[in-house]
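Participant:
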Amino acid sequence: METPATANDPPPDKMTENIRKHMKTHFETPGAPQVESLHDLAAGLNKKGAAQLFYQICVLTSQGFLKVEQKKPFGDILISKGAKM
């Protein structure tokens, strides 16, 4: 079942850009970890928010801004800076 978009939801391309900027700022912050856990990033989000975050991480990975690694099936997804970031 698909939920309709609400007025509070930014368009997908705007959301992707916002997440890209946030991740870029994070990875460029001195002393910040260079690998982030999707589990930690999604903490506190509802199912819809977590799904949107996962999708946007996939989009940014396919565009070369992020790299992801999952060491075992159903395990945490680790996110790091991609070549274009």
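For the sequence shown, the working numbering gives the first residue as 53, with consecutive numbering after it. Glycine included, each C-beta is placed from N, C-alpha and C at the ideal position. If you're wondering where the values come from, they're calculated on a predicted model, not measured in any experiment.
1. To which residues of the same chain is Ala102 closer than 6 Å at the C-beta, ignoring the five residues directly before and after it?
2. Does DSSP classify Glu54 as helix, strand or coil?
3. Note down, in chain order, each residue of its chain lying with its Cβ closer than 6 Å to the Cβ of Asp128, except the 5 sequence neighbours on either side.
4. Can you tell me the Cα-Cα spacing of Gln108 and Gly83, whole angstroms?
5. Could you tell me whether the Cβ atoms of Leu130 and Val120 are closer together than 8 Å?
Facilitator: Result, derived from the coordinates:
1. Ala94
2. Caution applies to Glu54, whose pLDDT of 49 falls short of 50 and renders its modelled position unreliable; the value that the coordinates give is listed next. Coil, per DSSP.
3. Ser89 and His91
4. 25 Å
5. yes
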